[in-house]
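Quick note: the numbering used here has the sequence shown finishing at residue 759, numbered continuously throughout. Single-structure report; data block below.
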Amino acid sequence: MSRNHEHRGASVQSQKKGDSSAKLFLVILPRALAVIVLLAIATGIVALLIVTRGKSEKRPPEVASVVVHAIDSQHHPTDRIWSGYGTARTMRSAELVAEVGGRVIERPDAVEAGSRVQRGDLIVRLEDADYINALDSAQQAVKAIEAQIEGLDVEEEQTQLQVQYASEEIEAAKRDLQRIDEAIDAGAANAGERDAVYAALLRTQRQLATLRQQLDLIPSRRLNLQAQLSSQRANSRVAQQNVERSSIRAPFDAELQSVTPREGDWVALGTSVARVVDLSRLEIPLKLPASSSSWVRLGDEVQFWVRDPVGTPDWKGEIVRVAPEADASSRTITVYAEVKQDPTDAHRLLPGQFVHGRVLTHDEHDRVILPRRAVQSNTVYVAGPMQDGYRLIEKVPVRIAYSFEGRRPEIDPNEREWVALELGQEPVQGSHIVVSLLDQIVTGMRVRLDRDPALESTPSAEITPVGNETPRDEGGEP
């Protein structure tokens, strides 16, 4: 019985499993049919689209997508610039000191520190009565000696005349003595008459000797008087100078830096009275790199700024001297620039001002001039020849000769910092040197120029970004 019972249970269980499988099949079958229908519909739609699609035309890229700015590699004349600092100083100034002592009796009201004076203007006048008296005395002494010299000339003339007369008297006495000797020999005269004539001859000879002695002494007396005259004239000149020195005047057109004494003050010999400074010509020693010695020449232009060296310079000058030796410690040379200016200008340069100077030296060779940022690690990017509407980037080695600052509108009006390349170490003449997007371009990249001379004479083509293709139907519409 147990076996029959087990057999009936298994049969019931098998019947239940069969009923469950039938129910599951009835559920899945509609869904599978729905999926098959959807797939068939989708396949039909795709097939329809494929059949009805338009034919597209693939076109190669006409130009590159990167637009860069470039400068042509051309040789330009240029000036090399050397920078330095210096302190202005006057080329002409004077410390006016009292050359005589005395009390100040006059000082014009306009004579104050900061005032401008002309050459010869009175600054202070000292009491000069004593110097005027000394001048009068010296002048009187000169006149007295001059009178003595004139009297000596008259005396010399008269003495010469007396010598002439005495000589003639001696000759006459000698003839008388000869005639008496002849008469004595003839017995017509005696010895007493001869002695009288001979005595008169001796007196005349003594007188002639005395006159000649006086005449010989006249030149020495004249020299003595002339020496006295020179001494008195010197005293007169010193007295005259003392009178003039009592009036202290401006030695040249200048500005008054300081004036010390006032009216009534006593000024001793050697005391400083005033200081005047000429502002029309100033000198500025500039320290430049020693390498500039082969460039700097006399007459080179120098520009000066009080603040930052930008814009129009405050003053201009020129090199007038160059120091012959370089400073080994600082590796610099000193050049001396002269600035000429209107001393009445409100914006004049003053002695003692610290300025920034730039010396412009002319380069005898024309060089390729590029913006400083265009050269990276001694190389530049060059846009090669035109190929199918684009150019390929090439990297070309260069060598910088020197750098400078300033405006070169004929090259690029927006740049201020430049480099000049060494001769023979620059790109080929006429090359297009890229100066923009330098951090985005690499060798071999296709670019186009913002202003490409190769395209200026041809119609402009529509620009298509590299790697993109625009489908067109057969009618040409996108």
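We put the beta carbon where it would ideally sit given N, CA and C, even for glycine. Here the structure is a predicted model, which means the values were calculated and not measured.
So, at 6 Å on beta carbons, what are the nonlocal neighbours of residue i in its own chain, with the 5 sequence-adjacent residues on each side left out?
i	result
residue 350	716, 717, 731
residue 748	With a pLDDT of 36 at residue 748, under the threshold of 50, the predicted position of this residue should be treated as unreliable, though the coordinate-derived value follows. Nothing listed; no residue qualifies.
residue 624	560, 561
residue 341	Since pLDDT at residue 341 reaches only 46, below the 50 mark, its modelled position is unreliable, and no value is offered.
residue 602	617
residue 365	567, 568, 569, 638
residue 457	478
residue 644	359, 361
Take residue i and list the residues in its own chain whose beta-carbon comes closer than 8 Å to its own, dropping the five residues that flank it on each side.
i	result
residue 676	660, 661, 662, 663, 724
residue 604	614, 615, 616, 617
residue 548	379, 382, 383, 384, 385, 405, 407, 542, 554
residue 557	374, 375, 377, 398, 531, 532, 533, 535, 536, 537, 538
residue 499	433, 436, 437, 440
residue 356	647, 648, 649, 710
Is the separation between the beta-carbon of residue i and that of residue j shorter than 8 Å?
i	j	result
residue 433	residue 503	yes
residue 385	residue 416	no
residue 630	residue 620	yes
residue 358	residue 693	no
residue 520	residue 428	no
residue 655	residue 714	yes
residue 413	residue 510	no
residue 636	residue 685	no
residue 482	residue 430	no
residue 348	residue 729	yes
residue 652	residue 698	yes
residue 465	residue 489	no
residue 596	residue 642	no
residue 370	residue 563	yes
residue 573	residue 607	no
Is residue i helix, strand or coil by DSSP?
i	result
residue 550	coil
residue 377	strand
residue 627	coil
residue 570	strand
residue 584	strand
residue 396	coil
residue 622	coil
residue 754	For residue 754, the predicted model reports a pLDDT of 39, less than 50, meaning its position is unreliable; a value from the coordinates is still stated below. Coil.
residue 652	strand
residue 666	strand
residue 339	With a pLDDT of 49 at residue 339, under the threshold of 50, the modelled position of this residue cannot be trusted, and the question is left open.
residue 408	coil
residue 403	strand
residue 543	coil
residue 693	strand
residue 359	coil
residue 344	The pLDDT assigned to residue 344 is 45, lower than 50, so where the model puts this residue is not dependable; a value taken from the coordinates is nonetheless given after this. Looking at residue 344 - three-state DSSP - the assignment turns out to be coil, as it is neither helix nor strand.
residue 556	strand
residue 478	helix
residue 717	coil
residue 732	coil
residue 598	strand
residue 536	strand
residue 565	strand
residue 578	coil
Identify the residues that DSSP records as bridge partners of residue i: which are they?
i	result
residue 365	638
residue 677	661
residue 603	616
residue 498	In DSSP, residue 498 forms no bridge with anything.
residue 528	406
residue 386	DSSP, once it has assigned bridges, lists no residue as partnering residue 386.
residue 684	700
residue 349	730
residue 671	668
Whose C-alpha, out of the options, is nearest the C-alpha of residue i?
i	options	result
residue 712	703, 667, 689, 697	667
residue 801	726, 679, 710	Since the displayed the chain opens at 282 and closes at 759, residue 801 lies outside it and no answer follows.
residue 495	367, 635, 437, 378	437
residue 628	606, 646, 594	594
residue 243	597, 688, 570	Because the chain in this structure spans residues 282 to 759, residue 243 falls outside the shown range and cannot be described.
residue 546	387, 486, 312, 321	387
residue 658	704, 611, 719	719
residue 389	702, 449, 540, 610	540
residue 444	393, 423, 497	497
residue 673	726, 696, 733	726
residue 487	448, 544, 472, 312	448
Within a Cβ cutoff of 7 Å, which residues of the same chain sit near residue i, ignoring the five residues on either side of it in sequence?
i	result
residue 530	401, 402, 403, 404
residue 474	461
residue 599	580, 581, 582, 583, 618, 619
residue 354	649, 707, 708, 709, 710, 711, 712, 714
residue 591	none
Between residue i and chain D, is any beta-carbon pair separated by less than 8 Å?
i	result
residue 445	This model lacks chain D altogether; it includes just one protein chain.
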